[in-house]
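Note that the protein sequences, when read in sequence, are chains A and B. Our numbering runs 11 ahead of the 1-based position in the first sequence. Our numbering runs 1002 ahead of the 1-based position in the second sequence. Comments concern the structure below.
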Amino acid sequence: MAVFTRGFGGRRPEPERPLPPGQHLTQDFPVLSTGPTPNVDASRWELTVRTESGTEHRWDRAALQALPAEDVTVDIHCVTRWSKHDTHWRGVPVDAFFEDVETAADFVVAHSYGGYTTNLPLDDLLDGRAWVVFEYEGEPLAPVHGGPVRLLVPHLYFWKSAKWLRGLVLHEHDEPGFWEQNGYHLYGDPWSEQRYS
Amino acid sequence: MSLWHVAQVVAVERLTASARALTLSVPGFVEAVAGQHVDLRLTAPDGYQAVRAYSLARVGRDEVVEIAVDRIPGGEVSGFLVDDAQVGDRMEVRGPLGGFFVWRPDDVGPVQLVAGGSGVVPLAAMVRSRAAAGSPAPFRLLCSVRTRADAFWADELSSSPGVETTWVYTREVPPGVTRPAGRLSADDVAAHVLAPGESPRVFVCGPTGFVEAAAALLLDAGHDPDLVRTERFGGA
Ligand SMILES: Cc1cc2nc3c(=O)[nH]c(=O)nc-3n(C[C@H](O)[C@H](O)[C@H](O)COP(=O)(O)OP(=O)(O)OC[C@H]3O[C@@H](n4cnc5c(N)ncnc54)[C@H](O)[C@@H]3O)c2cc1C
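Next up, the structure:
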């Protein structure tokens, strides 16, 4: 049974379209991270994909720029309960990084400069549902929001969209990442409100 | 952990012109650690709900939640909590939440606390937890506030035995203070923060812009990023 709060009216900005349960719209772009923003030198940035057998595939800045990029407009949902409609990004679909990767693994742990990790099923990164992005709203991605390069997985809570991305490591079993070891949900679907484990 | 507890306001206390402390009675709420927060949920008569996070200002008493809220201009929830909420009002609480931005009394290593504005709330919980446990851990607290009148619990935090507290003022300086008004600077960090060589655990909390700026100053001063923990309250 709901507990009503006397005197609280609320000021609901009417969302143009439904929000996941327990979320509210924000106009600005809050920041969630557990430590200082790491200084990642864009000229020395690298992304490594490592398979379960240890084979590594690498891209530096120039190799990233040589891949076909696209503009993406998506809604994002943070577990701290803000959502933001129609955010604009530019980046490369994750599929492009897996074209030459031989794997039978079903799970990925994304690794960040600064030590952050988060786990995802590989399928959630493929089929045009996730991107490796380097621009936000037409500007190079700012360090505080994960620049120079972050993961963008808009259909999951935003902690899955690892900032300061440096590696995708394939695993046969689902290995909990940082927040997932700290009480957050292994999968994190905002529409079924999978916040906590 | 994912359970909402019914909470009732049992005390309110004005802290500054824009902030109040609220004490809630929350049956079922147990085992909070200093630095943790709760989600607070308000429900309007038509069923509309708003949820915001608030840090615990003090821990150690089960079934009691103490928070302190600063009014954000135009803010939906903070405005209600600072101006309208009364003793007897009911709301819901989930928590305690967060297992990373925490200090436990069995950790006796040196600790540096850095607060901007209402970011002092979870750090005050750490100072109080230290005092209650009689912990020997060396503590320093560096607080940035607009003016002296904007400081939360200034007397208590300045006189907690074994805690060295420094206030810096961004807008207006009280009489007798020589440092001019201004944002936290590298000089402030050099003068008041435990040296990186002592490997203090550092907790930085406040509005996002403050945390970004302060954490960058700490890294520039040589602090190990792995020892710096941050809690960003929001805003630009
Ligand atoms: C882990 C955590 C702990 C927190 N603990 C505390 C606490 O102990 N005390 C406290 O007062 N607040 C705390 N906050 C902030 C709190 O959750 C709310 O964001 C804040 O009270 C504003 O909510 P609102 O509904 O009034 O504003 P909203 O209606 O949500 O926002 C109004 C406007 O203010 C901006 N805004 C939101 N938060 C801030 C901010 N902190 N500074 C500047 N601008 C802001 C918004 O972006 C928006 O533009 C905490 C936040 C987090 C994530």
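For each residue, glycine too, the CB sits at the ideal point set by N, CA and C. Values in this document were obtained by computation on a predicted structure and should not be read as measured data.
query = Could you give the C-beta distance for B/F1212 and B/S1146, rounded to a whole number, given that I count them as a contact under 8 Å?
reply = One-based indexing of the second sequence puts residue 1212 of chain B at position 210. One-based indexing of the second sequence puts residue 1146 of chain B at position 144. About 7 Å separates the two Cβ atoms, so the contact holds.
Name, in chain order, the residues that DSSP records as bridge partners for A/N130.
Numbered from 1 along the first sequence, position 119 holds the residue referred to as residue 130 of chain A. Paired residues: A/V120.
field: Counted within 10 angstroms of its Cβ, other Cβ atoms place A/E150 as buried (16 or more) or exposed
entry: Within the first sequence, the letter at position 139 stands for residue 150 of chain A. So A/E150 ends up on the exposed side.
Which same chain residues end up closer than 6 Å to B/G1100 when comparing Cβ atoms and leaving out the 5 residues on each side of it in sequence? Position 98 of the second sequence, counting from 1, holds the residue named residue 1100 of chain B. Q1038, H1039.
* Return the first residue and the last residue of the beta strand (DSSP E) that B/F1205 is part of. => Position 203 of the second sequence holds residue 1205 of chain B. Looking at the DSSP string, the run of the beta strand (DSSP E) that includes B/F1205 is 1203-1208.
| Once you ignore the five residues that flank B/L1219 on each side, which residues in its own chain have a CB closer than 6 Å to its CB? | Locating residue 1219 of chain B in the second sequence gives position 217, counting from the first residue. Answer for B/L1219: A1188, V1191, listed in chain order.
(message) Could you check whether the Cβ of A/S172 sits closer than 8 Å to any Cβ belonging to chain B?
(response) Here residue 172 of chain A refers to the residue found at position 161 when the first sequence is read from its first residue. It does not; no Cβ of chain B falls within 8 Å.
Measuring only from the beta carbon, is B/R1054 closer than 7 Å to any heavy atom that is part of ligand 1?
Working through the second sequence from its first residue, we reach residue 1054 of chain B at position 52. B/R1054 Cβ: within cutoff of ligand 1.
**Asked** Mind checking if B/Y1171 is an interface residue toward chain A, Cβ cutoff 8 Å exclusive?
**Response** Along the second sequence, read from residue 1 onward, the residue named residue 1171 of chain B stands at position 169. Not closer than 8 Å to any Cβ of chain A, the Cβ of B/Y1171 fails to qualify, so no.
*Does the count of Cβ pairs from the region 132-144 of chain A and the region 158-174 of chain A closer than 8 Å reach three?*
yes
Exercise. Helix or strand or just coil, what does DSSP make of B/R1060?
Worked result: As a working mapping, residue 1060 of chain B is identified with position 58 in the second sequence. Assignment of B/R1060 by DSSP, reduced to helix, strand and coil, places it in the strand class.
I'd like to know whether the C-beta of A/T45 is nearer than 8 Å to at least one C-beta of chain B. Taking the first sequence and counting its residues from 1, the one referred to as residue 45 of chain A is at position 34. So yes, A/T45 belongs to the interface.
Do B/E1158 and ligand 1 come close, with the Cβ less than 7 Å from some heavy atom? By 1-based counting over the second sequence, the position of residue 1158 of chain B is 156. Every heavy atom of ligand 1 is 7 Å or more from the Cβ of B/E1158, so no.
Original post:
Should A/H35 be flagged as near chain B, meaning a C-beta pair shorter than 8 Å?
Top reply: In the first sequence, residue 35 of chain A corresponds to position 24, counting from 1. Interface residue (Cβ-Cβ distance to chain B less than 8 Å): A/H35 is classified as such.
Next item on the list: Within its chain, find whatever has a CB closer than 6 Å to the CB of B/R1150; leave out the 5 residues flanking it on each side and keep chain order.
Entry: Here residue 1150 of chain B corresponds to residue number 148 of the second sequence, with the count starting at 1. Around B/R1150: P1176.
For a cutoff of 8 Å on Cβ pairs, would you count B/A1086 as touching chain A?
Walking along the second sequence from the start, residue 1086 of chain B turns up at place 84. It should be pointed out that residue 1086 of chain B corresponds to Asp in this sequence rather than to Ala. Yes, contact with chain A.
Can you say whether A/W202 is buried or exposed, counting buried as having 16 or more other CB atoms within 10 angstroms of its CB?
Your numbering for residue 202 of chain A matches position 191 in the first sequence. Per the 10 Å Cβ criterion, exposed.
Where A/Q76 and A/P31 are concerned, what is the direct C-alpha to C-alpha distance, given to the nearest angstrom? As a position in the first sequence, residue 76 of chain A is number 65, starting the count at 1. As a position in the first sequence, residue 31 of chain A is number 20, starting the count at 1. For A/Q76 and A/P31, the distance between alpha carbons rounds to 34 Å.
Report task. Over the uninterrupted beta strand (DSSP E) stretch that includes A/W170, give me the two end residues. Result -> Numbered from 1 along the first sequence, position 159 holds the residue referred to as residue 170 of chain A. Counting along the chain, no beta strand (DSSP E) covers A/W170, and no H or E run does either.
Next on the checklist: Just to confirm my understanding: we take A/V180, look at its own chain, exclude 5 residues before and 5 after, and list those with CB closer than 6 Å. What are they?
Outcome noted: Stepping through the first sequence from its first residue, residue 180 of chain A is reached at position 169. Counting only Cβ-Cβ distances below 6 Å, and skipping sequence neighbours, we find R61, V120.
Please confirm whether any heavy atom of ligand 1 lies closer than 7 Å to the CB of A/H156. Against the first sequence, residue 156 of chain A aligns to sequence position 145. No, the beta carbon of A/H156 sits no closer than 7 Å to any heavy atom of ligand 1.
(Q) Can you check whether the C-beta of B/A1218 is within less than 8 Å of a C-beta belonging to chain A? (A) For the purposes of this step, residue 1218 of chain B is taken as residue 216 along the second sequence, with counting starting at 1. Judged by the 8 Å Cβ criterion, B/A1218 is in contact with chain A.
Would you list, in sequence order, the uninterrupted alpha helix (DSSP H) runs of no fewer than 4 residues that lie entirely inside the region 1159-1208 of chain B? Within the region 1159-1208 of chain B, the complete alpha helix (DSSP H) runs of at least 4 residues are 1188-1194.
- Spatial neighbours of B/M1093 within its chain, please: CB distance less than 7 Å, with the 5 preceding and 5 following residues excluded, ordered by chain position. By 1-based counting over the second sequence, the position of residue 1093 of chain B is 91. If we look at B/M1093 and ignore the five residues flanking it on each side, its Cβ neighbours are A1009, L1042, R1043, L1044.
Q.
Can you tell me which residues form a DSSP beta bridge with B/G1118?
A. Here the question's residue 1118 of chain B lines up with position 116 in the second sequence. In the DSSP output, where bridge partners are listed per residue, B/G1118 has B/S1146.
At a Cβ cut of 9 Å, what residues of the region 72-95 of chain A count as close to chain B, listed as they run along the chain?
-> T91, R92, W93
Point to revise | Cβ neighbour criterion (16 or more within 10 Å) applied to A/H88 | key: Residue mapping note: residue 88 of chain A aligns to position 77 of the first sequence, counting from 1. Buried, by the Cβ-count rule.
Exercise. For B/T1025, decide whether its Cβ has a neighbour in chain A, counting only Cβ atoms nearer than 8 Å.
Key: Start at 1 with the first residue of the second sequence, and residue 1025 of chain B comes out as number 23. Cβ-Cβ to chain A under 8 Å: no for B/T1025.
### Message
I'd like to confirm something about A/Q209: is its beta-carbon nearer than 7 Å to some heavy atom of ligand 1, or not?
### Response
Because chain A spans 12 through 208 in this model, residue 209 of chain A falls outside it and cannot be assessed.
Q.
Within 10 Å of its beta-carbon, does B/Y1050 have 16 or more other beta-carbons around it, so buried, or fewer, so exposed?
A. One-based indexing of the second sequence puts residue 1050 of chain B at position 48. The residue is exposed, with fewer than 16 neighbouring Cβ atoms inside 10 Å.
| message | For chain B, check one thing: does any of its Cβ atoms lie closer than 8 Å to the Cβ of A/R22? | response | As a working note, residue 22 of chain A is residue 11 in the first sequence. A/R22 counts as touching chain B.
Check: Based on the DSSP output, what are the partners of B/S1027 in its beta bridges?
Finding: Taking the second sequence and counting its residues from 1, the one referred to as residue 1027 of chain B is at position 25. Partner(s): B/Q1010, B/V1066.
Sequence-distant residues of the same chain with beta carbon closer than 8 Å to A/A153, five excluded per side
On the first sequence, position 142 is the one that residue 153 of chain A refers to. So the qualifying residues of the chain are Y147.
Member of B/V1195, B/V1079, B/D1091, B/V1179 whose CA lies at the smallest distance from the CA of B/E1166 = Sequence index remark: in the second sequence, residue 1166 of chain B carries index 164 (1-based). Closest by alpha carbon: B/V1195.
Distance between A/V14 and B/H1225 (C-alpha atoms, nearest Å):
If you number the second sequence from 1, residue 1225 of chain B lands on position 223. If you number the first sequence from 1, residue 14 of chain A lands on position 3. Cα to Cα, B/H1225 sits roughly 46 Å from A/V14.
In chain A, which residues lie less than 7 Å from B/M1093 when you measure between Cβ atoms? Reading the second sequence from its first residue, position 91 is the one you call residue 1093 of chain B. Simply V14, T16.
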